[in-house]
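Participant: One structure, as structure tokens, below. Some questions next.
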Amino acid sequence: MASLSTQTRFLLLLVSTIFSSLQLLQCVYCTEFEIGERGGWAVPPGNDTHMYNEWASRKRFKVGDTIRFKYKKDSVMKVNKKDYNECNSTRPEFFSNNGNTIVTLDHSGFFYFISGATAHCDKGQRMIVWVMTQDASVRITSHASHTALFSYGLFVIIVSFHFVYLN
């Protein structure tokens, strides 16, 4: 069996390090939002049918963010705009009733969510989320996140160098 040269092993490790760092960088900017925060995903109190949309309008969602729905004896459905407007739960694009559902916002544009429980959507348990395009979302990076990423990359390069040249 032919062995790889020292330079080839180092190059493979370096390419792996760069790829891993880019994957890590993508997640540095992701945020998990919890729907309803303390109250969870439930019928809004006091006939407040706009509660979830008002909450969502105060957030800045971007591609890669996640939304966590926590609920009891209920469900969450991702539907199209027409089914959202009509509170139609017969054709969901996504359905979950596990009580702790995480949805990844995997593209820009609008996401429409409703409850699948009978009459809950009509009572205001529904929400529209707008995910910004990459160009619209200004990435404000902190010095700490860059420092952490640089430190990680430097650590991997030093370990790779040690592995290749000192072993």
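So the sequence shown is residues -30 to -1, 1 to 137, counted in mature numbering (1 follows the signal peptide of the UniProt record, and there is no 0). Glycine is no exception: its CB is placed at the ideal position from the N, C-alpha and C atoms.
#1: Use the C-beta contact count for Ser85: other C-beta atoms within 10 angstroms, 16 or more gives buried, fewer gives exposed.
#2: Helix, strand or coil for Gly16, going by three-state DSSP, please let me know.
#3: Identify every run of the beta strand (DSSP E) within the region 1 to 78, keeping only runs that are complete inside it and at least 3 residues long; order them along the chain.
#4: Looking at C-alpha atoms only, which residue of Val13, Gly9, Tyr82, Met102 is the closest neighbour of Pro62?
#5: Quick check: the Cα distance between Arg38 and Ser(-26), rounded to an integer number of angstroms?
#6: Taking the straight line between their C-alpha atoms, what separation do you get for Gln95 and Tyr(-2)?
#7: In or out: Ile5 buried (at least 16 other Cβ within 10 Å) or exposed?
Facilitator: So, to answer that:
#1: Looking up residue 85 in the sequence shown gives position 115. Looking at its Cβ environment, which holds 16 or more other Cβ atoms inside 10 Å, Ser85 is buried.
#2: For the purposes of this step, residue 16 is identified with residue 46 of the sequence shown, where counting begins at 1. It is helical.
#3: 2 to 4, 36 to 40, 46 to 49, 64 to 66, 70 to 74
#4: In the sequence shown, residue 62 corresponds to position 92, counting from 1. Closest by alpha carbon: Tyr82.
#5: Numbered from its first residue, the sequence shown carries residue 38 at position 68. Numbered from its first residue, the sequence shown carries residue -26 at position 5. Approximately 48 Å, taken between the alpha carbons.
#6: On the sequence shown, position 125 is the one that residue 95 refers to. On the sequence shown, position 29 is the one that residue -2 refers to. Roughly 29 Å between the two C-alpha positions.
#7: As a working note, residue 5 is residue 35 in the sequence shown. Burial call: buried.
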